[in-house]
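In UniProt numbering, the protein residues as written are 1 to 584.
Each residue gets a CB set at the ideal place from its N, CA and C atoms; glycine is no exception.
Every value quoted in this text rests on a predicted model; they were computed, and no experiment measured them.
All remarks here apply to the structure that follows.
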């Protein structure tokens, strides 16, 4: 139960609703337990009439009163039972809402490295399936536990007051039930954890399959993926069956024990009545109703125990992520205005998940309003520099300054708010094109959206769609071509008018003519913005104030376009090669 302690704060938050629910539960069960006593009293009235102890008039009068009481008690008990469900089940929905928000908000602050180490399907399973299991604990399990405790307490008090010895014999099977529940619950907990882990694997495989469906179809490997999915499903099915086999033991066991209790009531109660130890025959009928009223609560003990064990297994999985501390922490609460001066001093960086040394003693300085171009072969560390400026990772050695302050001493949200980032792999949401562009500035007007699209040279493509800017994109922007996705991503960054613009090879899927037009527009837009352009093309770098060339994480060349083409080296070779290709 240690894992479920995390939910105590929510129980405290909704304590007044829960207290009201408990009171309603007690009242509902008290009225429900009027039924056995009234039935027993009615049978005694019938017995007295048959024995001639009361007149026909008294018989009819008392029987009618008992019937009216029975109907009234049933109506009141039903009403309070309805209110009990409305109160406690509603609390479970509130807690489910709060817990999902807590998990989602925690996901937001976790670092980039966390998402490289964990699969999307597993993340989704914990916020959906696992939270659903926890909700069953804070809702139905809690409600039926209160219901059972109240019913048992009140019923046993009535039974002891009526026939103490008969009560003792009637409740004899309960210790057997307790020991059985204890042993089975431990097994359920173990198998529930296995089932949830299996569901995460299945969800992850499904998510990856649907995300890469175009690749699967292109290679014609649908039969193979179907087979793999069937194998995973069969494995999950078997684990579910293994869990169900244990859970299935509860209800037959409950029915058996209740049946034994009924036999005990009839046998022991009958002997006591014949011996004069019980005065009224109605007491036996009363006890039989008590036992049968306790049938469902006793049966739910197993079900509730199963729910609690499953919830504990799920909450333990949830806690694993909630207890994960983000690698990148915001150390400054006060918002920090950003101008855009950037300086790297002997920066070295090793990716924690792969131990690859991406940067080695990199140093450069960029004043606010200047443009830096970074060139180099694939894997030379170009994108890593942009990730470090956005503080997606913290450096191992060296120092990074923004506006002459160490980057870690700046408010993290102020820093990222001041950055417009266009990634190499443009990511678009399953929303309209207009909303994807406005993602960079939520309160942007339609005119600002169109202007940004024009500067990114994607306006003409957008108005060519049937619904223009209201066209809804497929998942990850699959509706658009690679070049269109990149240009919409550029529009999303520049509409923000940030102090720092980072372009990570974002024109690789654009033809050279369109690239030239976009670059000309960017020159105007970035006149007073600090801009860093990562590219494999000299055409993207030639207008930059400063250019650096990386190789294996080290700066091997630095200068401007003219000075670098006048010097033998990688830049000149790349320029000559791309110039000859253009002429061809």
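- The beta carbon of residue 549 is closer than 6 Å to those of 375, 376, 556, 557, 570, 571 in its chain, skipping five residues each way along the sequence.
- Three or more beta-carbon pairs separated by less than 8 Å link the stretch 333 to 353 to the stretch 401 to 421, which places the two stretches in contact.
- Runs of the beta strand (DSSP E) lying entirely within the stretch 372 to 416 and spanning at least 3 residues, in chain order: 397 to 402.
- When rounded, the separation of the alpha-carbon atoms in residue 437 and residue 496 is 9 Å.
- With fewer than 16 other beta carbons inside 10 angstroms of its own, residue 470 counts as exposed.
- Note that the C-beta distance between residue 455 and residue 332 is not below 8 Å.
- Proximity of the stretch 146 to 155 to the stretch 280 to 299 meets the contact definition, three or more beta-carbon pairs being nearer than 8 Å.
- Excluding the 5 residues flanking it on each side, residue 346 has same chain C-beta neighbours closer than 6 Å at 361, 363, 398, in chain order.
- Cβ contact annotation for residue 120 (same chain, cutoff 6 Å, sequence separation greater than five): 207, in chain order.
- Burial check for residue 431: the Cβ neighbour count within 10 Å stays below 16, so the residue is exposed.
- For the 8 Å CB-CB criterion, residue 198 and residue 122 do not form a contact.
- If you look at residue 421, you'll find it isn't in any alpha helix (DSSP H); it sits in the beta strand (DSSP E) that goes 419 to 422.
- Residue 315 has its alpha-carbon roughly 10 Å from the corresponding atom of residue 322.
- Per the C-alpha coordinates, the member of 391, 318, 282 positioned closest to residue 43 is 282.
- According to the DSSP assignment, residue 557 belongs to the beta strand (DSSP E) that extends over 554 to 559.
- When secondary structure is reduced to three states using DSSP, residue 350 falls in the strand class.
- A distance below 8 Å separates the beta carbons of residue 545 and residue 371.
- Around the beta-carbon of residue 563, fewer than 16 other beta-carbon atoms lie within 10 Å, marking it exposed.
- Under a 10 Å Cβ-count criterion, residue 312 is classified as buried, with 16 or more other Cβ atoms of the shown protein chains found around its own Cβ.
- Secondary structure at residue 308: helix, using DSSP grouped into helix, strand and coil.
- The alpha helix (DSSP H) runs of length 4 or more contained entirely in the stretch 154 to 181 are, from start to end of the chain, 164 to 170.
- For the 8 Å CB-CB criterion, residue 258 and residue 269 do not form a contact.
- Distance from the CA atom of residue 502 to the CA atom of residue 421, rounded to whole angstroms, is 5 Å.
- Under a 10 Å Cβ-count criterion, residue 540 is classified as buried, with 16 or more other Cβ atoms of the shown protein chains found around its own Cβ.
- Measuring C-alpha to C-alpha distances from residue 534 to each of 489, 506, 472, 442 identifies 506 as the nearest.
- Taking the C-beta atoms as reference points, residue 194 is found no nearer than 8 Å to residue 309.
- Linking residue 253 to residue 327 through their CA atoms gives a straight-line distance of about 51 Å.
- By the Cβ rule, the stretch 1 to 10 does not count as touching the stretch 63 to 78, because fewer than three pairs are nearer than 8 Å.
- Here the alpha carbon of residue 233 sits roughly 53 Å from the alpha carbon of residue 343.
- Residue environment: residue 520 is assigned as exposed (fewer than 16 neighbouring CB atoms within 10 Å of its CB, all protein chains considered).
- Straight-line measurement puts the Cα of residue 434 at about 10 Å from the Cα of residue 448.
- Across the structure, residue 26 and residue 101 are spaced so that their CA atoms are roughly 33 Å apart.
- Shown here for residue 63: same chain residues with a beta carbon closer than 7 Å to its own, the five before and five after excluded, namely 42, 45 in chain order.
- Separation of the CB atoms of residue 341 and residue 367 is rounded to 6 Å, and the pair is thereby assigned contact status at 8 Å.
- For residue 83, there is no enclosing beta strand (DSSP E); the residue is part of the alpha helix (DSSP H) that begins and ends at 56 to 109.
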